[in-house]
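*Asks:* Numbering (my numbering), first residue to last: 133 to 428. First the structure, which I've put down as structure tokens, then a few questions once you've had a look.
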Ligand SMILES: Nc1ncnc2c1ncn2[C@@H]1O[C@H](COP(=O)(O)OP(=O)(O)O)[C@@H](O)[C@H]1O
Ligand SMILES: [Mg+2]
């Protein structure tokens, strides 16, 4: 018998089905993102160091793509490039057809740390994400909607120090959604949360995606999270020590089936092993002798 772990309980925030004023409307498909021949190199004491190379990628509108790869392989660099916070050394990034020249109001980013302003309430922090020029009443309604969406309607007037890490991260997600982004970029968004909260946040993200479709790129070091959330998983390789021409993208895995996925699915378990092996993790690790070989 297989056990399905669904991390939904009565205490789990469920994305409200209704749409808020200012959102794009249920039929609008968000823009996709195209990366063409992206490279990024940094100057260091030892000269130029390539971090990303020959990256061609198309994120379809409304798709959820997860990025995994060893630490330092350039995942955050990739996310910052798409966010327009950094510029590629070569190649072009297109959003809705036009070449990206910097940050874009159609894109929102959230990080591992919630980065809330400690002296503002959660509602005021979420309001910081509203597009410039939002009318006061429409802004208030949108913030209320988003707080409901992430299950924080009762915490609107609390300050970040008064809430748990999971609640702060939900507020951070709501702030990112406040501008009604077409592209949502998440850099290890649940990495600092405990295991159970992380499962709940994954379901919340899927609920939000269903209620307010966006093109999502999520960086994670958790392969199970990647397989649970994404339509496709991209495995990046580190260029340090790689063949000089090796491109950054090591493998693309299309995740079978449709969401919501069964966390115990056998097909996903096979892909999990494949991804872990791609990350250099031995999935059939045999214990090594610990006494005679390692004298104290
Ligand atoms: N602004 C920068 N200047 C110099 N090196 C950088 C800069 N940003 C990132 N790097 C380097 O690029 C590599 C990839 O970083 P990053 O994208 O943060 O990795 P990941 O998110 O996959 O762990 C690291 O070696 C990092 O030190
Ligand atoms: Mg990173």
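We put the CB at the ideal spot given by N, CA and C, even for glycine.
1) Would you say residue 319 touches ligand 2, meaning its beta carbon is less than 7 Å from a heavy atom?
2) Between 369, 189, 396, which has its C-alpha nearest residue 409's C-alpha?
3) Along the chain, where does the alpha helix (DSSP H) that runs through residue 218 open and close?
4) Could you give the residue range of the alpha helix (DSSP H) that holds residue 329?
5) Please state whether DSSP places residue 158 in a helix, a strand or coil.
6) With H, G and I counted as helix, E and B as strand and the rest as coil, what does DSSP make of residue 179?
7) Using 7 Å as the cut-off, classify the Cβ of residue 206 as near or not near the heavy atoms of ligand 1, replying yes or no.
8) Report all residues from its chain with a CB closer than 7 Å to the CB of residue 304; omit the five preceding and five following residues, and keep chain order.
9) Is residue 365 near ligand 1 - that is, is its Cβ less than 7 Å away from at least one heavy atom of it?
10) Pick helix, strand or coil for residue 314, following the three-state DSSP scheme.
11) Is residue 283 near ligand 1, in the sense that its beta carbon is under 7 Å from a heavy atom of that ligand?
12) List the residues that DSSP assigns as beta-bridge partners of residue 190.
13) Suppose contacts are defined by Cβ-Cβ distances below 8 Å. Is residue 366 in contact with residue 381 by that definition?
*Replies:* In short:
1) yes
2) 369
3) Segment: none, residue 218 is in no alpha helix (DSSP H) and carries neither H nor E.
4) 327-343
5) For residue 158, the predicted model reports a pLDDT of 49, less than 50, meaning its position is unreliable; a value from the coordinates is still stated below. Residue 158: coil per DSSP, three-state reduction.
6) Here residue 179 carries a strand assignment [DSSP, helix/strand/coil].
7) yes
8) Taking residue 304 as the centre and dropping the five residues before and after it, the same chain places the C-beta of 242, 246, 247, 248 closer than 7 Å to its C-beta, in chain order.
9) no
10) coil
11) no
12) 166
13) yes
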